[in-house]
Amino acid sequence: MAFHVPKAPGMAQMLKEGARYFSGLEEAVYGNISACKQFAQTVRTAYGPNGMNKMIINHIEKLFITNDAATIINELEVEHPAAKLIVLASKMQEAEVGDGTNFVIIFAGALLEAAEELLRLGITTSEIVEGYEASLEKVLQILPTLVCYEIKDYKDEKQIKMGIKTAIMSKQYGNEEPLTSLVAQACISILPKKSTFNVDNVRVCKILGSGISSSEVVQGMVFKRQVEGDVTKKDNSKIAVYTCAVDIIQTETKGTVLIKTADELMKFSRGEESLLESQIKAIADSGASVIVSGGKFGDMALHYMNKYNLMAVRIPSKFDIRRLCKTVGATALSKLAPPSKEELGYADSVYIDEVGDTIVVKFAINGKDSRVSTIIVRGSTENYMDDIERAIDDGVNTFKGITRDGRFVPGAGATEIELASQLSTYADTLPGLEQYAVRRFATALEVFPKTLAENSGSYASELLSKLYSAHKEGKKKLWF
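For the sequence shown, my numbering assigns the number 109 to the initial residue and increments by one for each residue that follows.
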C-alpha cells in the first residue's frame, strides 16, 4: 500500500499540485508592485526622442531593434500576472489611440511605486484608490484649461504637419520632416467628409533600396507583384475581382470519359477551350479591362485574356483582395461569371512600375474619389523600414485623434508638471487621508519630465526644480 501524504487544510487543499498561494501585503501586494516597477523600468529608457533602442529576439528567433514600446511589449513573453495587467492596458491603449503605450506602462509603474510608500505608512488600499480617482477627476477638469493650440481645418496640410510631427519625431528623430509630409498627404487625400477616419486606409509598401527621400505617396494601392499576362497598362480601367482561379473548371470528383475516335478527342478538348473562351469574352463584353484573381491564372485563360486585351493581376492574400475591393469599389465574385455594372470597380490607371529593382503593380485613383492611399517607403534594410513603418503608424493614429478632437496641450513634460503643481494645491484642500494619495499622484506625474531628462543626459532633479519655479511664475507652457 502506497503512503499518501495529505495536503495541509485551507486554500492549498483546493488547488492542484505545485500551486502556490500568496496573501497579505508582504507576500502578494508588494511582490506584484515590485514586478510592475521592474517592468516599467525596462521600457522607461526607450521613452522620448532620445530613448534608447532595445534588441529583442522573440520565440521564433526573429530579431527586432526598436524603441517602440508597442513592438517591445508584443514580442516579450510576460509571465507575471500583475505585469500582464499592465501589458493588457498598454495593448488597449495601442488599439484605441495607436500611440502612448510607453506612457501607460511608465505611469502605471510610478503610481504603484507611490502606492507602495503609502501602504507602508499604513494607509489602506481603499483610501489610496479614492485618492487616485479624485486626482483623475481633477486632472480631467484641469486639462481643458491647458489647451495651447487647436486644429480646426483637417484639410490644411500645414496645420496637420504641425500636429503629427511630434509623434513621428519620437520614433524617427532627424527624419521627421519627410515622413510628416508623406503622412499628411496620405491622410488628407482620403479624409472622408462625414464618416470617421479609418487608419487601415493608409497602407505602407516597403521596397528595399535608396533612402527615405525617395519615398512617395500613391493614391490607391501598390502591390509588389508582376502582371500575369502580356498587357501591362490600362487607363480608365474597370476591374473585375475574383476569389477563385481563372482557369478551366475542374470537377470535384474524378470523371472518366470513354473516347473511341480521334475526332471525339479533338471535340472534347475544343469543348473545354470554347467554354473558357466564352467566359473570358463575356467578362470582356461586360466592360472589364482588368481581371484580379485570388487564385491562379491558367495558361489557356491567359491566352484568351491576351486575345481580348485584358490585364491579369494575381493577389493571393484575401486581406489584400478585400482592401483592393474597398479601394476600387468592386465586389469580389466567388465564381468565374461576367460581373454586373455594380460589381465592377474603377481605377484611373492600372500599370506596372519599377521602383528600384522591384516590379510593382499600381492601382492609381486620382482626385477626391480615392478611399485608400499607399506610402511607398524606401530604405537600406528591412529593420530600418520596419521602424519607419511604426513611425508612420503613430503619425496616422495621431491624425485620427486630431479628427476626433483637435485640441493640443504643451508637451515634453510641461502639461505633467502643471498638473502635478495644481494637484498638490488641490491636495491641501482635502480633509481626509485621500489627500496623501492625491499628493502621490502628483509625484507620479513628475516621472515624465524626469525620464525625458535622464534619457537626454540632463540632471533630472535640477530640471524639475527649474520647471516648478517657472510654472509658479505663470509660464505654463514651459517644457523640458
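The beta-carbon is built from N, C-alpha and C at its ideal position, and this holds for glycine as well.
Computed from a predicted structure; not experimentally measured.
Taking the straight line between their C-alpha atoms, what separation do you get for residue i and residue j?
i, j, result
"Phe-588", "Glu-187", "A caution first: Phe-588 carries a pLDDT of 48, below 50, which makes its placement in the model unreliable, though a value can still be read off. If I take the Cα positions, the gap works out to 36 Å."
"Leu-572", "Glu-581", "14 Å"
"Gly-282", "Arg-498", "15 Å"
"Val-421", "Thr-274", "39 Å"
"Ser-569", "Ser-278", "23 Å"
"Met-109", "Lys-124", "Low confidence applies here, because Met-109 scores a pLDDT of 47, under 50, leaving its location unreliable; read the following figure in that light. If you take the alpha carbons of Met-109 and Lys-124, they lie about 23 Å apart."
"Ser-564", "Met-160", "10 Å"
"His-207", "Gly-406", "The residue asked about is misnamed: residue 207 is Asp in this sequence, not His. Going from the Cα of Asp-207 to the Cα of Gly-406 covers about 46 Å."
"Ala-428", "Ile-496", "The amino acid occupying residue 428 in the given sequence is Asp; Ala does not appear at that position. Each residue's Cα considered, the two are about 21 Å apart."
"Thr-439", "Val-205", "31 Å"
"Lys-434", "Leu-373", "45 Å"
"Leu-196", "Asn-140", "15 Å"
"Glu-83", "Leu-531", "Residue coverage of the chain in this structure runs from 109 to 588, which leaves residue 83 outside it and unanswerable."
"Phe-211", "Ile-276", "16 Å"
"Ile-484", "Ile-467", "13 Å"
"Pro-189", "Cys-352", "46 Å"
"Lys-263", "Cys-295", "9 Å"
"Val-349", "Leu-418", "13 Å"
"Asp-536", "Asp-494", "49 Å"
"Val-458", "Gly-475", "15 Å"
"Lys-574", "Ser-488", "42 Å"
"Thr-253", "Leu-244", "15 Å"
Relative to the alpha-carbon of residue i, which residue among the options has its alpha-carbon at the smallest distance?
i, options, result
"Ala-242", "Ala-568, Ile-180, Glu-542, Thr-523", "Glu-542"
"Glu-185", "Met-200, His-167, Gln-201, Leu-171", "His-167"
"Ala-67", "Tyr-534, Leu-553, Glu-526", "Absent from the structure is residue 67, since the part of the chain shown begins at 109 and ends at 588."
"Phe-507", "Pro-300, Ala-440, Ser-386, Ile-467", "Pro-300"
"Ser-397", "Lys-342, Asp-495, Gly-208", "Lys-342"
"Leu-384", "Tyr-416, Ala-370, Tyr-459, Glu-372", "Tyr-416"
"Asp-261", "Ala-178, Asp-513, Val-349", "Asp-513"
"Arg-152", "Asn-175, Ser-425, Glu-169, Leu-441", "Asn-175"
"Gly-402", "Thr-304, Ser-394, Asp-355", "Asp-355"
"Ile-347", "Ser-322, Ala-222, Leu-254, Asp-393", "Asp-393"
"Ala-486", "Asp-502, Gly-464, Ile-473", "For the sequence presented, residue 486 should be read as Arg rather than Ala. Ranking Asp-502, Gly-464, Ile-473 by Cα distance to Arg-486 puts Gly-464 first."
"Ser-234", "Gly-540, Ala-455, Met-329, Thr-523", "Gly-540"
"Glu-524", "Glu-221, Leu-251, Gly-217, Ile-231", "Leu-251"
Can you list, in chain order, the residues of its chain whose CB lies under 6 Å from that of residue i, leaving out five sequence neighbours each side?
i, result
"Gln-149", "none"
"Ala-191", "Ala-143, Cys-144, Phe-147"
"Glu-451", "Thr-439"
"Tyr-534", "Lys-246"
Below 8 Å on the Cβ atoms is my contact criterion, and I expect residue i with residue j to pass it. Report the Cβ-Cβ distance as a whole number of Å.
i, j, result
"Ile-181", "Lys-162", "With 8 Å as the limit, Ile-181 and Lys-162 do not qualify as a contact, their Cβ atoms being about 11 Å apart."
"Tyr-567", "Ser-529", "About 20 Å; that fails the 8 Å criterion."
"Arg-311", "Val-469", "Contact flag wrong, Cβ pair sits at about 13 Å."
"Tyr-544", "Gly-239", "7 Å"
"Phe-471", "Val-436", "6 Å"
"Ala-552", "Phe-215", "7 Å"
"Val-137", "Leu-227", "7 Å"
"Ala-223", "Ile-236", "5 Å"
Cutting at 8 Å between CB atoms, please list the residues of its own chain near residue i, excluding the five before and the five after it.
i, result
"Lys-269", "Thr-288, Ser-289, Ala-292"
"Cys-256", "Phe-516, Val-517, Pro-518, Lys-585"
"Ser-297", "Val-325, Gln-327, Ser-478, Ser-481"
"Ile-423", "Phe-331, Arg-333, Val-400, Ser-401, Gly-402, Ile-429, Leu-432"
"Ser-442", "Tyr-350, Thr-351, Cys-352"
"Glu-490", "Lys-314, Leu-316"
The beta strand (DSSP E) with residue i in it runs from where to where?
i, result
"Phe-471", "466 to 472"
"Cys-313", "310 to 316"
"Lys-260", "Lys-260 -> no beta strand (DSSP E), and no H or E assigned at all."
"Gly-328", "324 to 331"
"Arg-486", "481 to 487"
"Thr-174", "171 to 174"
"Gly-453", "453 to 463"
"Tyr-350", "341 to 350"
"Val-421", "419 to 422"
"Met-163", "162 to 165"
Where do the ends of the alpha helix (DSSP H) carrying residue i lie?
i, result
"Phe-405", "Counting along the chain, Phe-405 falls outside any alpha helix (DSSP H), and DSSP gives it neither H nor E."
"Met-200", "189 to 204"
"Tyr-138", "138 to 152"
"Tyr-534", "522 to 535"
"Glu-245", "233 to 250"
"Ile-180", "177 to 183"
"Asp-589", "The structure shown does not extend to residue 589, since the chain is modelled only from 109 through 588, so no value can be given for it."
"Asn-158", "Unbroken run through Asn-158: none, as it is neither H nor E."
"Lys-558", "555 to 564"
"Ile-496", "490 to 512"
"Asn-210", "209 to 228"
"Gln-293", "284 to 297"
Going along the chain, which residues of its own chain have a beta-carbon closer than 7 Å to the beta-carbon of residue i, five neighbours each way excluded?
i, result
"Glu-183", "Ile-164, Asn-166, Phe-172"
"Gly-509", "Val-205"
"Glu-202", "Ala-178, Thr-209"
"Pro-157", "Met-277, Ser-278, Tyr-281"
"Leu-410", "Glu-336, Gly-337, Ala-420"
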